[in-house]
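Visitor: First the structure, which I've put down as structure tokens, then a few questions once you've had a look.
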């Protein structure tokens, strides 16, 4: 498989195909794993078997990373966007990006939609130490507007406390209860004094769209940036296109709303700074 040209619609499936079509890489991984087992004595065989399994897992991870990179590169090319395998953490001001350590952005797709700069990238960080260390990966969309908005956190409730990453940002905010079934799926928090502005953004139509399509996502607004966080590295074309559609939806919805709200937001921010 030529990772740069063959269409990838499912990263998991294409990773296994990668092994079948890259004989040298596959042979090296398997040979090293077998050598670990055959090179030891019987007393050490369990430990060496575990090491061989670890090598196989590492080999799969390398292949998956290469395929994921090609998948994102293809998405960028298909939409006329730029692509970079690595990206700086500069400008990542959301509370989410202050969690843990070893933060890294990679496989960055960049461009614009209806005049709004847009980025899609994979993001990882680690929490815990030693054997308790866990590394998390998210797929993130970043939309930039020309109006600074009140910082806002919309957190889905599905995963519970273990995945409640954005509570760091919500600790100094007011929690808003919205109508209908919205509160079953999300927790919405905004700075004190901006409750009315939040209701202008989260209209019944927007809430319905969020319930229908975004129950597994977290959203954070920081200044002029809207971040959409999806747990895990998205590896299916259909899922990625769905996320892309959601980013488009917010670009189309928030643009006109913010244009109407801009004078009031500027006035309120000036009062707060005074």
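Residue numbers (this note's numbering): 93 to 366.
All C-beta atoms in this analysis are idealised placements derived from N, C-alpha and C, irrespective of residue type, glycine included.
Owing to the predicted nature of the structure, the values given are computational and were not obtained by experimental measurement.
1) State yes or no: is the C-beta of residue 202 within less than 8 Å of the C-beta of residue 173?
2) Please give the ranges of any beta strand (DSSP E) in the stretch 262–346, keeping only runs that are unbroken, at least 3 residues long and fully inside the region.
3) Alpha carbon to alpha carbon, how far is residue 339 from residue 320?
4) By Cβ distance, which residues of its chain are closer than 7 Å to residue 301, with the 5 residues on each side in sequence left out?
5) Which residues bound the beta strand (DSSP E) around residue 216?
6) Could you please give me the residues that DSSP links to residue 241 through a beta bridge?
7) If you check the beta carbons only, do residue 278 and residue 247 fall under 8 Å apart?
8) Taking the C-alpha atoms as reference points, what is the distance between residue 317 and residue 148?
9) Using the rule of at least 16 other Cβ atoms within 10 Å of the residue's Cβ for burial, across every protein chain shown, is residue 343 buried or exposed?
10) By alpha-carbon positions, which one of 156, 157, 175 ends up nearest to residue 165?
11) Using DSSP with H/G/I as helix, E/B as strand and the rest coil, what is residue 222?
12) In this structure, does DSSP put residue 255 in helix, strand or coil?
13) Give me the DSSP bridge partner(s) of residue 204.
14) Distance, Cα to Cα, residue 187 vs residue 109?
15) If you compare alpha carbons, which of 286, 283, 296, 250 is closest to residue 270?
16) For a test of the three-state rule: what should DSSP assign to residue 102, helix, strand or coil?
17) Do the CB positions of residue 151 and residue 240 come within less than 8 Å of each other?
18) In angstroms, rounded to a whole number, what distance separates the CA positions of residue 323 and residue 157?
19) What does a CB cutoff of less than 7 Å around residue 179 pick up in its chain, not counting 5 residues either side in sequence?
20) Given a threshold of 16 other Cβ atoms within 10 Å of its Cβ, counted over all protein chains shown, does residue 177 qualify as buried or as exposed?
21) Assign residue 312 to buried or exposed, taking buried as 16 or more other Cβ atoms, counted over all protein chains shown, within 10 Å of its Cβ.
22) DSSP three-state label for residue 173, please.
23) Check each candidate in 217, 334, 235 and name the one with the smallest Cα separation from residue 209.
Guide: Reading it off the structure:
1) yes
2) 266–268, 278–282, 309–323
3) 8 Å
4) 341
5) 208–219
6) 315
7) yes
8) 40 Å
9) buried
10) 175
11) helix
12) Interpretation of residue 255 is limited by its pLDDT of 46, a score under 50 that renders its predicted location unreliable; no figure is taken from the coordinates.
13) 209
14) 38 Å
15) 296
16) strand
17) no
18) 17 Å
19) 197, 198, 200, 213
20) exposed
21) buried
22) coil
23) 235
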